[in-house]
Amino acid sequence: MSLARVLHLTRPLVVIDTETTGARPLTDRIVEIAMVKLHPDGRRERYVRRVNPETRIPIEATAIHGITNADVEGCPPFRRLADEIVAWIGPADLCGFNIHSFDLRILQSELSRCGVAFAVNERRIVDVQVLFHRFEPRDLAAAVRFYLEKEHRGAHGAEADAEATLDVLLAQIRRYGELEPTVPALAAASQRRDDRYVDPDRKLEWRDGVACFSFGKHVGRALQDVVESDPDYIDWILNKDFPDALKEILAAARNGNYPRPVAGEDA
């Protein structure tokens, strides 16, 4: 079946993906942009460019997308591509995986810094991640269907949910041989962790192996630099309603004990 029959378009649809220096769409920079344009007749066009971000690519970002500072050394900065990118997209609608939260926001930030207009109000935005989560829910009932191949009867009743959770855990242990069947190992494997961040609340991030602020007035600055140059700011956080994990790190830093990446985080 032709693409034109699968997806009915009245104007082109441009799928956008970016690789970047980090996870902050308002302040990080694009190091690669790829776009695929699907025309109403099913034709595809592609636009792929490496971009010099005019700042260092942290080792943590390189570990994710594989693009090094040497790879972009001779590439044009975004400001030289901005008009070209907007012209290539034209009046198309937009699509991406998590495009609402990241790719479109970082593209708009880059274009705004260049003073290049890019209106989105008249465009329709298709987020494939949102569709994925809508049709493939990740709740307990879905886990029961996937691992136990049955419907979860009595969902949201405490006893039924507890029994189902235990049955799903046992099924996971049986399915995944790499899961060590001990509570300490299962607890370690089930930790929500993103190696780009120092703390679970993502208030501090690793940038070239150095803990840096990812929020507030000192966003992007090294923790040690802020402790030494603005200790009052550290004290302000310690006395406000911030996460305990962040406060523990800052309190230790005030005493000269700065966080260091664990093995593998700075590779």
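For the sequence shown, this note's numbering begins at 763 and goes up steadily by one.
Beta carbons are placed, not taken as given, at the ideal position from N, Cα and C, and that holds for glycine.
Bear in mind the structure is a predicted one, so any value in this text is a computation, not a measurement.
Quick check: what's the CA-CA separation for residue i versus residue j?
| i | j | result |
| --- | --- | --- |
| Arg-873 | Arg-969 | Note that residue 873 is Leu in the sequence shown here, rather than Arg. Their Cα atoms are separated by approximately 24 Å. |
| Pro-1023 | Gly-804 | 48 Å |
| Ile-792 | Cys-837 | 12 Å |
| Ala-1013 | His-862 | 36 Å |
| Gly-1018 | Val-882 | 47 Å |
| Cys-974 | Glu-822 | 12 Å |
| Ala-920 | Asp-845 | 57 Å |
| Tyr-1020 | Leu-985 | 8 Å |
| Ala-904 | Glu-942 | 24 Å |
| Gly-982 | Pro-815 | 15 Å |
| Phe-880 | Val-848 | 7 Å |
| Leu-1008 | Ser-991 | 19 Å |
| Asp-1003 | Pro-820 | 30 Å |
| Ser-871 | Asp-1006 | 32 Å |
| Phe-859 | Ile-887 | 11 Å |
| Arg-841 | Val-813 | 10 Å |
| Ile-996 | Asp-855 | 45 Å |
| Glu-794 | Glu-925 | 47 Å |
| Tyr-909 | Leu-928 | 12 Å |
For residue i, write down the residues that DSSP places opposite it in a beta bridge.
| i | result |
| --- | --- |
| Ile-887 | Leu-856 |
| Cys-974 | Glu-967 and Ala-984 |
| Ala-796 | Asp-779 and Val-810 |
| Tyr-938 | DSSP, once it has assigned bridges, lists no residue as partnering Tyr-938. |
| Tyr-959 | Glu-967 |
Which one of the options has the shortest CA to CA distance from residue i?
| i | options | result |
| --- | --- | --- |
| Arg-811 | Lys-1002, Thr-817, Ala-796 and Ala-917 | Ala-796 |
| Ala-933 | Ala-951, Glu-990, Ser-871 and Glu-911 | Glu-911 |
| Pro-774 | Asp-957, Arg-885 and Leu-1008 | Arg-885 |
| Val-768 | Pro-802, Val-777 and Thr-783 | Pro-802 |
| Leu-966 | Arg-1016, Ser-976 and Asp-957 | Ser-976 |
| His-918 | Ala-1015, Val-834 and Asp-901 | Asp-901 |
| His-827 | Arg-958, Arg-964, Val-906 and Gln-953 | Arg-958 |
| Thr-782 | Lys-799, Thr-944, Thr-824 and Gly-877 | Thr-824 |
- Query: Is the stretch 781-791 in contact with the stretch 854-868, if contact means three or more CB pairs nearer than 8 Å?
  - Reply: yes
- Starting from the N-terminal side, write out each stretch of the alpha helix (DSSP H) that is 4 residues or longer and does not extend beyond the stretch 798-849. 821-827
- Task: Could I get the ranges of all uninterrupted alpha helix (DSSP H) runs contained in the stretch 987-1023, with 4 residues as the minimum, in chain order?
- Result: 993-1000 and 1006-1016
- Length-filtered (3 minimum) beta strand (DSSP E) runs lying within the stretch 903-930: none
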